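Trainee: Residue numbers (the working numbering): 29 to 1016.
Here you go, one structure.
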């Protein structure tokens, strides 16, 4: 290339460079603009809990800790863990980041270099430890924890732990949830307590408290001006405290100058709340709309930091998942050849003997629910939200042809689908407790019944008559008692057939068409007020009843008398306790006769005729059936019914569950059919019975240690319904349910269904005035950035918070599996003395309850207050080593302690104890007892002390124990501090 050509080339390149610089300079302000309009498009959102140093910003994303330069850019990942890591905080010198991580299944404090490296664990206590910041000298990390609290609802306080490791020390403040120590170390700004629902917007209740600013030497206290707003997340810059407050309706950043007492609002967002905030190096960073913002505290200017956080997230990769332990909602083919089940939003069919399991749906991005099998055996129906709203899907049972979709009126959630015996109609109920009948041919549905009272339990339980012309269901009256109603499918007319003086539920048509069975209780009484404490300890016991439908039909329970007519003139009666046709379960399904003496083969449907006039007088209480806790009444062949009895949790695979009882008119007595049952179905021909044994997983739930991915699969059994009771373990089905799980698609479905849940179930249709479609759009922007189930919960909780209502929690879900190491506790307090752990208190306060005794107080342990714990399992314990490190993983396992009355190994003894996983109940009981003794002393024995931890079952039990045992006193002090809520306390 010539010199001239080279010069021209260089000029062109320089010109190109200058153009690029000009474009960059023009675009950069757009990328960095404030998020009042919301900013850069090509960056990651859902960045949480940012923290800042002189050079870097750290934050949590996908439940891992990341860092980026203060100017933004591509973030670097510091942790790579499938569990949760949260609350990062830079050290004052910016070299370290403290955070909370659940590497051992529990949130503990960890430390990692800001430039990267292996996290160092600093705490081992099984209580939750959440990082809050650092001491001013950078030598210790401050965290909040509910460890060692007496509050049954877990009131946290502040602790510190040295960065070099060692013993945690409680701060002098008795309570503290969220706070920061001032840069000079003389003061702390903090929030005393947490809220039950941190994401709830516009809350103005008693859980809101002002920010407290306390001098750590004099304990003088000041607060920013406050009325009732939710003020959280205080941080320091010089002498000013910055905090998040929703006092103008949206959570924004405010400042309070401690010297001038001046209060100022710094940000004025009108859409998304400011969610978390931290300060460092004279600046502030906060989370809002999923972005990280930086705020100049002097000028009040803020801007969005453009950050890209990308990487691999193995827990989000599509994979083949065994979902057998998610099994729920059983259905049985008409003759019991196959079983249909729902599991993790998929519909499977399982063969009784031969063949393979079929997944009919294969849709991670849809919830397919409530399978039902048509009596003609051709089709399986289910409800699916694949389109965004639930529709009825009818699919060939072999899954080989495209399914038919049927739009349903007023889309919502649907339940209890069942086919009519002639396979021409489908019966179901909906969110609004309406009973629908849908004509399969036309796809048209009509309402045939409803329950006007919305209470937590869904008790309609609609069922078809044998001739497909009638539907029976249970509906609440104004008294909140249930009555049985019968609806004519053709006309839609519904008639009440029980008088409402008993609680009547679970209707079931006898296969003969002659009777309508149901369960009824005359002691429902106080149970009807389901939200009141007076309903506690009141079991509702039911009897078995049936109505004779025709006036001319005689009762099947008329008196009987044995008469001998001579040899060869009559048939031999079955042996006592047997009916005609009885044979061992699992025998030949053809040829034998059923209880009524009819062949065991198929037959046409029985016609049902109902004489409503005088029907209430033809209701018969079945003798010989004791009143117990019955449910789930279903029919078999003529004169056979089945029901579950709770409270007799004994036999059966897995233990627990209910007794499945069978009653037969032919022998007029109930008998246990099988034990340990949680659910069952009878086939359309009434010859087969499918039941699920107690134990195993199923349904929703998840997370470490819960009924989630690691729970065993439920056991299913298929047996003859019309034969003798099956032997234990007979008829067990072998199956494995596998689906191709795509977490991102599943997360979309969960988000959309969460939105619909609020729309369809909230007690007022206007959702407290919230523009709910707008909220779905607003928060849906963040859905593509969800890379962890915990972040999905956070997103859904924020969206639900827009309705501004209590008890709207989002919890659980299928979290990635993390290692579990449950630390053991000794039920005692310790102090460091002579470099050793000295026992200062043993929590031994409940002789009547073995679960409320300190391991050190076990008879024979011979450990006393003042003794020293010198070694654990042979490992010498010398401060500053952490005692909980040596107790890690020891809960409910034998541990050897070396004990002495002095700090010397000489003369020490060894005792064996079993540490507990939690001391909460021990400490609460000790606190209650100290209060009781104080009241006893101050009142000179004239007043009782009664503690009420909540108005649920624990509160009910505590009240009964302490009130009635002291009812001879002149008065009572009822203490409800830290009350966890519950029912209406009318009982008290």
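Glycine is no exception: its CB is placed at the ideal position from the N, C-alpha and C atoms.
This structure is a prediction, so every number in the text was calculated from the model and none was measured.
1) Could you check where the alpha helix (DSSP H) with residue 779 kicks off and where it finishes?
2) So what does residue 672 bridge to, in DSSP terms?
3) In this structure, how does DSSP classify residue 341 when only helix, strand and coil are distinguished?
4) Measure the alpha-carbon distance for residue 353 versus residue 704 and round it to whole angstroms.
5) Starting from residue 316 and walking both ways along the alpha helix (DSSP H), at which residues does that stretch end?
6) In or out: residue 681 buried (at least 16 other Cβ within 10 Å) or exposed?
7) Using the C-alpha atoms, what's the distance from residue 87 back to residue 115?
8) Let's see if you can read the secondary structure: which residues bound the beta strand (DSSP E) around residue 1019?
9) Just the Cα atoms here: how many angstroms apart are residue 583 and residue 576?
10) Could you spell out the range, first to last residue, of the alpha helix (DSSP H) harbouring residue 965?
11) Assuming the contact rule is C-beta atoms closer than 8 Å, residue 461 and residue 453 should be a hit. Round their C-beta distance to whole Å, please.
12) Please classify residue 800: does DSSP put it in a helix, a strand, or coil?
13) Sorted by chain position, which residues of the same chain lie with C-beta nearer than 7 Å to residue 481's C-beta, five sequence neighbours on each side aside?
14) If we call anything under 7 Å between Cβ atoms a contact, is residue 237 one with residue 256?
15) In angstroms with no decimal places, state the Cα-to-Cα distance between residue 187 and residue 172.
16) Leaving aside the five residues before and after residue 285 along the sequence, list all residues of the same chain whose C-beta is less than 6 Å from its C-beta, in chain order.
17) Could you give the first and the last residue of the continuous alpha helix (DSSP H) run that contains residue 928?
18) What do you reckon, are the CB atoms on residue 911 and residue 865 nearer than 7 Å?
19) Could you pull the start and end residues of the beta strand (DSSP E) that residue 543 belongs to?
20) Any chance you could list the alpha helix (DSSP H) runs of at least 4 consecutive residues sitting entirely within the stretch 163-218, in chain order?
21) Classify residue 854 as buried or exposed, calling it buried when 16 or more other Cβ atoms lie within 10 Å of its own Cβ.
22) Out of 145, 235, 565, 664, which one is the CA nearest neighbour of residue 494?
23) Could you tell me whether the stretch 398-412 touches the stretch 362-380, using the rule of 3 or more Cβ pairs below 8 Å?
24) May I ask which residues mark the beginning and end of the beta strand (DSSP E) holding residue 466?
25) If you run the structure through DSSP and keep just helix, strand and coil, what is residue 389?
26) What are the start and end residues of each continuous beta strand (DSSP E) run of 3 or more residues lying completely inside the stretch 73-97, in chain order?
27) Can you check whether the CB of residue 105 is closer than 7 Å to the CB of residue 318?
28) Apart from the five residues on each side of it in sequence, which residues of its chain come closer than 6 Å, Cβ to Cβ, to residue 863?
29) Would you mind giving the Cβ-Cβ distance between residue 189 and residue 137, rounded to the nearest angstrom? I have them listed as a contact below 8 Å.
30) Along the beta strand (DSSP E) that carries residue 857, what are the first and last residues, could you check?
31) Can you name the start and end residues of the alpha helix (DSSP H) that residue 135 belongs to?
32) Got a sec? Which residues, its chain only, sit under 6 Å from residue 222 by beta carbon, not counting five neighbours each side?
33) Could you please give me the residues that DSSP links to residue 990 through a beta bridge?
34) Can you tell me where the beta strand (DSSP E) with residue 1001 in it begins and where it stops?
35) With DSSP collapsed to three states, give me the class of residue 720.
36) Per DSSP, what are the beta-bridge partners of residue 533 in this structure?
Mentor: Let me spell this out:
1) 771-789
2) For residue 672, DSSP records a beta bridge to 659, 688.
3) coil
4) 18 Å
5) Segment 311-316 is the beta strand (DSSP E) holding residue 316; no alpha helix (DSSP H) there.
6) Reliability of the predicted coordinates at residue 681 is poor, the pLDDT of 43 falling under 50, and no value is obtained from them.
7) If you take the alpha carbons of residue 115 and residue 87, they lie about 8 Å apart.
8) One cannot answer for residue 1019 here, as it falls past the ends of the chain, which runs 29 to 1016.
9) If you take the alpha carbons of residue 583 and residue 576, they lie about 7 Å apart.
10) 948-966
11) With a Cβ gap of about 20 Å, residue 461 and residue 453 do not count as contacting.
12) helix
13) 504, 508
14) no
15) CA-CA distance, residue 187 to residue 172, rounds to 6 Å.
16) 268
17) Run containing residue 928: none in the alpha helix (DSSP H); it sits in the beta strand (DSSP E), 923-928.
18) yes
19) 543-549
20) The stretch 163-218 contains no whole alpha helix (DSSP H) run of 4 or more residues.
21) buried
22) 664
23) These segments touch.
24) Per DSSP, the unbroken beta strand (DSSP E) holding residue 466 starts and ends at 462-467.
25) coil
26) 76-80, 84-89, 92-97
27) no
28) Excluding its 5 nearest sequence neighbours in each direction, residue 863 has C-beta neighbours in its own chain below 6 Å: 906, 907, listed in chain order.
29) Residue 137 and residue 189 do touch by the CB rule: their CB atoms are close to 6 Å apart, below 8 Å.
30) 856-861
31) Note, residue 135: premise wrong, no alpha helix (DSSP H); not H, not E.
32) 205
33) Beta-bridge pairing links residue 990 to no other residue.
34) 999-1003
35) strand
36) Its beta-bridge partners are 547.
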